[in-house]
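Asker: Please see the structure below; I have some questions.
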Amino acid sequence: MGAYKYINKLFREHNRSLLKGRIIEWRRSDAVERIDNPLNIARARSLGYKAKKGYIVVRVRLLRGGRLRPQIKKGRRSKARRRKKIVGKSYQWIAEERANKKFVNCEVIGSYELAKDGQYYYFEVILGDKELLNKYPGTEYLDHIRGKVFRGLTSSGRKSRGLRSGKGKGHEKNRPSLRAHERRGKN
């Protein structure tokens, strides 16, 4: 096992007791807050984070729940209808959007879930400052991209749109978009 696999394992196993205290602090802080270093360094580096100028890490707090249709209060056949979730976006995608709205000059590189409690989800979003990252080799692609997260082109956005679940048989209605097939796709 490489070093980052051990770090990931340590983060999963020994972080539970530390997280309780951290979550209390995070509840008091701002909903979208820039932080110095990522908490889960192994996960951040696997998504493309480097400890260089131009990489920004943001912690986002999102309120949980309240995404179901209103409770059915009148008579109906039991097979007729059920309460269902009404958003097509994942919490992670929304967290990325909020981070990018605050840091306008940056582009979302990736994100991951930190923790969740009864009230909130906490995500860390990795952003890249285009102007500063242009000089590093391998990051030139950021120069041509604008508003990636708002068009659903990040990893979590593509997953929410059903584009990461597969290709070919059984996934015909996911491409070119869900709207093109009257929302019949997304297995």
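Counting from 245, one number per residue, gives the positions in the sequence shown under the numbering used here.
Positions of the beta carbon are idealized from the N, C-alpha and C atoms, including for glycine.
Using the Cα positions of Leu262 and Val393, report the straight-line distance between them to the nearest angstrom.
Answerer: As a working note, residue 262 is residue 18 in the sequence shown. As a working note, residue 393 is residue 149 in the sequence shown. The alpha-carbon atoms of Leu262 and Val393 are separated by roughly 31 Å.
Asker: Examine the Cβ distances between the region 395-414 and the region 319-336 and report whether three or more of them are shorter than 8 Å.
Answerer: Cβ pair count under 8 Å is three or more, so yes.
Asker: Which ranges does the beta strand (DSSP E) cover as unbroken runs of at least 3 residues, wholly within the region 322-404, from first to last along the chain?
Answerer: Counting whole runs of 3 or more residues, the region 322-404 contains the beta strand (DSSP E) stretches 350-360, 364-373.
Asker: Where do the ends of the alpha helix (DSSP H) carrying Glu257 lie?
Answerer: Numbered from 1 along the sequence shown, position 13 holds the residue referred to as residue 257. Taken as a continuous stretch (DSSP letters only), the alpha helix (DSSP H) holding Glu257 covers 247-272.
Asker: I need the straight-line Cα distance from Lys413 to Lys328, nearest angstrom please.
Answerer: Start at 1 with the first residue of the sequence shown, and residue 413 comes out as number 169. Start at 1 with the first residue of the sequence shown, and residue 328 comes out as number 84. Those two C-alpha atoms are separated by around 26 Å.
Asker: Would you call the region 378-392 and the region 357-369 in contact, with 3 or more CB pairs under 8 Å?
Answerer: Counting Cβ pairs under 8 Å, fewer than three are found: no touch.
Asker: Going by alpha carbons, who is nearest to Asn281 out of Val302, Ile267, Asp274?
Answerer: The residue labelled residue 281 in the question sits at position 37 within the sequence shown. Cα-wise, what sits closest to Asn281 is Val302.
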